[in-house]
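In UniProt numbering, the protein residues as written are 1 to 567.
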């Protein structure tokens with residue numbers, strides 16, 4: 001995006017031409033990026049969804065100014081200053097003024113908009129109190145107003161034909177349309193034009209819908225505006241910003257960060273969403289002092305410890321039954337590692353993965369009010385499960401409600417989860433059974449989670465079906481049920497189980513040939529000697545075949561080299 005101001009080009013632009021770009025001369029194509037605007041005016045509250053979240057609905061629009069130095073282009077970064085924690089995104093539809101507007105009517109206001117683009121009105125709630133409504137410091141920092149990447153001519157759709165969407169780390173978190181606005185675009189232009197001249201190139205940020213929340217270093221925020229019902233469904237493309245961590249502290253010569261519980265709750269969107277963030281280690285709790293003396297919450301590390309479940313072990317486990325694994329674990333004193341009472345929703349399902357855990361506590365109205373709504377621990381778990389992980393849910397064996405439904409199961413599948421295990425029920429059971437992801441549960445139940453449970457925390461030690469499960473444990477499931485393998489035992493347990501499977505297959509072969517099970521199952525000394533002899537012979541034969549294949553490959557390579565050398 002151009003960040004320079006060309007006064008000559010600005011005055012030379014044709015502001016009445018739809019799609020004319022402020023800060024550049026008019027050409028035969030629609031330019032993709034605006035120049036530096038003279039004014040950036042932002043609206044406080046404009047979407048009913050956001051007003052409901054805030055608990056207040058304004059009768060008239062209100063505004064604040066953002067400096068041009070806060071502009072940033074797509075692909076840039078925004079720095080969360082040292083000693084702060086409440087940096088929040090706000091995806092918005094931005095209007096770029098074409099023909100100057102002064103004392104225009106609401107009916108005519110939209111005609112003065114040349115282009116529409118995407119914006120992200122970042123704000124730092126840690127400095128909100130210091131600004132006392134001016135928003136100079138909490139919304140005026142460098143990079144706090146990403147804009148772009150493409151302009152859409154306003155003429156392609158009416159003022160009620162636009163949509164804004166925001167994603168954080170690939171997950172859709174905001175979506176709303178301009179036909180729901182408290183104050184339509186034309187009214188905003190008219191109202192502002194009563195007080196000042198809106199000049200060519202000025203930008204109006206038109207408010208954010210519900211879903212705005214806090215982001216942390218490492219997060220990637222994307223905003224897109226489009227006209228989905230217009231011809232060709234034109235889009236701005238995604239406006240991408242990556243959050244980084246600042247290192248320079250604020251000096252004593254100005255206001256320092258200061259937060260309270262009200263700021264925490266408003267920044268995160270609700271008390272429930274803040275509570276989920278605290279549980280995930282992303283936010284300081286209510287009543288914490290905040291400010292520079294408080295450790296800055298960090299995002300969970302994206303670097304995961306090396307998985308004990310190597311490709312070689314995964315391949316080996318594929319041929320081993322849960323029943324056989326349980327025998328090997330019992331020999332080592334692990335008797336309570338079977339998750340009781342759960343069954344797969346598909347016949348023949350097999351599941352292998354690393355445990356990610358989610359814990360529910362019994363329903364209580366005050367606890368559900370604080371933890372059950374919004375982006376709670378349940379949604380967080382399904383939104384962060386990694387490829388190859390099995391999400392294991394502690395529901396205390398309570399069958400009287402669903403603990404996962406079709407939307408969350410689909411989310412886990414899309415994220416590449418290896419499976420889901422819950423010692424509770426599954427809602428939307430037939431729909432979930434239509435997905436590929438294996439789901440082990442106590443069966444169907446139509447009730448919602450809140451009938452019996454409160455989503456509480458993720459990535460902690462839990463009890464599921466009478467078995468203790470820790471994040472990082474290896475989970476294996478088949479038609480017999482689900483077993484938990486401590487990672488430090490995995491290699492030896494699998495090796496023993498593979499050997500046992502080979503023995504069992506040999507025994508079955510003898511029984512199929514007419515042998516009695518007496519002395520054979522389990523094997524006595526005579527049968528053991530016969531098995532060992534046949535096994536040794538088989539291994540020698542396999543080794544001989546491998547050696548012969550190796551010699552053949554070597555001979556073929558030598559022949560090829562000889563031919564090549566004669567060319």
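From the three backbone atoms N, C-alpha and C, an ideal C-beta is built for every residue, glycine too.
Requested in this report: Determine the DSSP secondary structure at residue 47, reduced to helix, strand or coil.
Outcome: Secondary structure at residue 47: coil, using DSSP grouped into helix, strand and coil.
Query raised in the report: Which term fits residue 459, buried or exposed, when burial requires 16 or more other beta carbons within 10 angstroms of its beta carbon?
Result: Looking at its Cβ environment, which holds 16 or more other Cβ atoms inside 10 Å, residue 459 is buried.
Requested in this report: Measure the Cβ-Cβ separation of residue 186 and residue 106 and say whether it is below 8 Å.
Outcome: Taking 8 Å as the cut-off, the beta carbon of residue 186 is found closer than this to the beta carbon of residue 106.
Query raised in the report: Hey, which unbroken runs of the beta strand (DSSP E) at 3 residues or more fall wholly within the region 426-485?
Result: The beta strand (DSSP E) runs of length 3 or more contained entirely in the region 426-485 are, from start to end of the chain, 439-441, 453-458, 462-464, 467-469, 474-478, 481-485.
Report task. Can you tell me which of 233, 323, 537 puts its alpha carbon nearest to the alpha carbon of residue 482? Result -> Put simply, of 233, 323, 537 the residue whose alpha carbon is nearest the alpha carbon of residue 482 is 323.
Report task. Drop a sphere of 10 angstroms on the beta-carbon of residue 402, count the other beta-carbons inside from all chains shown, and report buried for 16 or more, exposed for fewer. Result -> With 16 or more other Cβ atoms within 10 Å, it is buried.
Report task. For residue 176, write down the residues that DSSP places opposite it in a beta bridge. Result -> Bridge partners of residue 176: 164.
Query raised in the report: Residue ranges of each alpha helix (DSSP H) run of no fewer than 4 residues wholly in the region 177-213, ordered along the chain?
Result: Every unbroken stretch of the alpha helix (DSSP H) spanning 4 or more residues and falling wholly within the region 177-213 is given here in chain order: 185-193.
Query raised in the report: Between the beta-carbon of residue 456 and the beta-carbon of residue 355, is there less than 8 Å?
Result: At least 8 Å separates the beta-carbon of residue 456 from that of residue 355.
Query - Enclosing beta strand (DSSP E) for residue 149 [first to last residue] - result: Looking at the DSSP string, the run of the beta strand (DSSP E) that includes residue 149 is 145-153.
Query raised in the report: Near residue 432, which residues of its chain fall below 8 Å by C-beta distance, leaving aside the five closest residues on each side in sequence?
Result: Cβ neighbours of residue 432 beyond the five flanking positions: 345, 404, 405, 406, 409, 426, 439.
Report task. Please classify residue 490: is it buried, with 16 or more other beta-carbons within 10 angstroms of its beta-carbon, or exposed? Result -> Label assigned to residue 490: buried.
Query raised in the report: For residue 159, which residues from the same chain have a beta carbon less than 7 Å from its beta carbon, with the 5 sequence-adjacent residues on both sides left out?
Result: Cβ neighbours of residue 159 beyond the five flanking positions: 110, 178, 184, 185, 186.
Requested in this report: Quick one: residues in its chain with C-beta nearer than 7 Å to the C-beta of residue 467, no 5 flanking neighbours on either side, listed in chain order?
Outcome: Contacts found: 336, 337, 338, 339, 484.
Query raised in the report: At which residues does the alpha helix (DSSP H) containing residue 326 begin and terminate?
Result: Residues 322-331.
Query raised in the report: Is residue 70 helix, strand or coil by DSSP?
Result: Helix at residue 70.
**Report entry** Cβ neighbour criterion (16 or more within 10 Å) applied to residue 325
**Finding:** Burial call: buried.
Requested in this report: Kindly indicate the opening and closing residues of the alpha helix (DSSP H) around residue 159.
Outcome: No alpha helix (DSSP H) contains residue 159, which DSSP labels as neither H nor E.
Requested in this report: Classify residue 623 as helix, strand or coil using the three-state DSSP reduction.
Outcome: No answer is possible for residue 623: it lies beyond the span of the chain, which begins at 1 and ends at 567.
**Report entry** Inter-residue Cα distance where the pair is residue 40 and residue 74
**Finding:** When rounded, the distance between both Cα atoms is 18 Å.
Query raised in the report: Can you give the Cα-Cα distance for residue 230 and residue 203, rounded to whole angstroms?
Result: Rounded to the nearest angstrom, the two C-alpha atoms are 23 Å apart.
Query raised in the report: Between the Cα of residue 146 and the Cα atoms of 193, 85, 79, which residue gives the shortest distance?
Result: Nearest option by C-alpha distance: 79.
Query raised in the report: What are the start and end residues of the beta strand (DSSP E) that includes residue 409?
Result: Unbroken run through residue 409 is the alpha helix (DSSP H), 406-414; no beta strand (DSSP E).
Requested in this report: Identify, in the order they occur along the chain, each residue of the same chain with its Cβ nearer than 6 Å to the Cβ of residue 387, setting aside the five sequence neighbours on each side.
Outcome: Excluding its 5 nearest sequence neighbours in each direction, residue 387 has C-beta neighbours in its own chain below 6 Å: 416, listed in chain order.
Query raised in the report: Taking Cβ positions, are residue 443 and residue 372 nearer each other than 8 Å?
Result: Contact: no.
**Report entry** Nearest residue (CA-CA) to residue 394, options 93, 434, 418, 453
**Finding:** Comparing Cα positions, the closest option is 453.
Query - C-alpha distance - residue 342 paired with residue 321, whole-angstrom precision - result: About 16 Å.
**Report entry** Segment contact, 8 Å Cβ cut-off, at least three pairs: the region 91-100 with the region 194-210
**Finding:** The region 91-100 vs the region 194-210: in contact.
Query raised in the report: Who are the near neighbours of residue 267 in its chain, counting only those whose CB is closer than 6 Å to its CB and skipping five residues on each side?
Result: Here residue 267 has 86, 88, 125, 214 as same chain residues with Cβ atoms under 6 Å from its own Cβ, once five neighbours each way along the sequence are excluded.
**Report entry** Boundaries of the alpha helix (DSSP H) in which residue 120 is found, first to last residue
**Finding:** Taken as a continuous stretch (DSSP letters only), residue 120 belongs to no alpha helix (DSSP H), being part of the beta strand (DSSP E) at 113-120.
Query - Simplified DSSP state of residue 126, which is helix, strand or coil - result: Secondary structure at residue 126: helix, using DSSP grouped into helix, strand and coil.
Requested in this report: Can you have a look at residue 132 and say buried or exposed, based on whether 16 or more other CB atoms are within 10 angstroms of its CB?
Outcome: With fewer than 16 Cβ atoms within 10 Å of its Cβ, residue 132 is classed as exposed.
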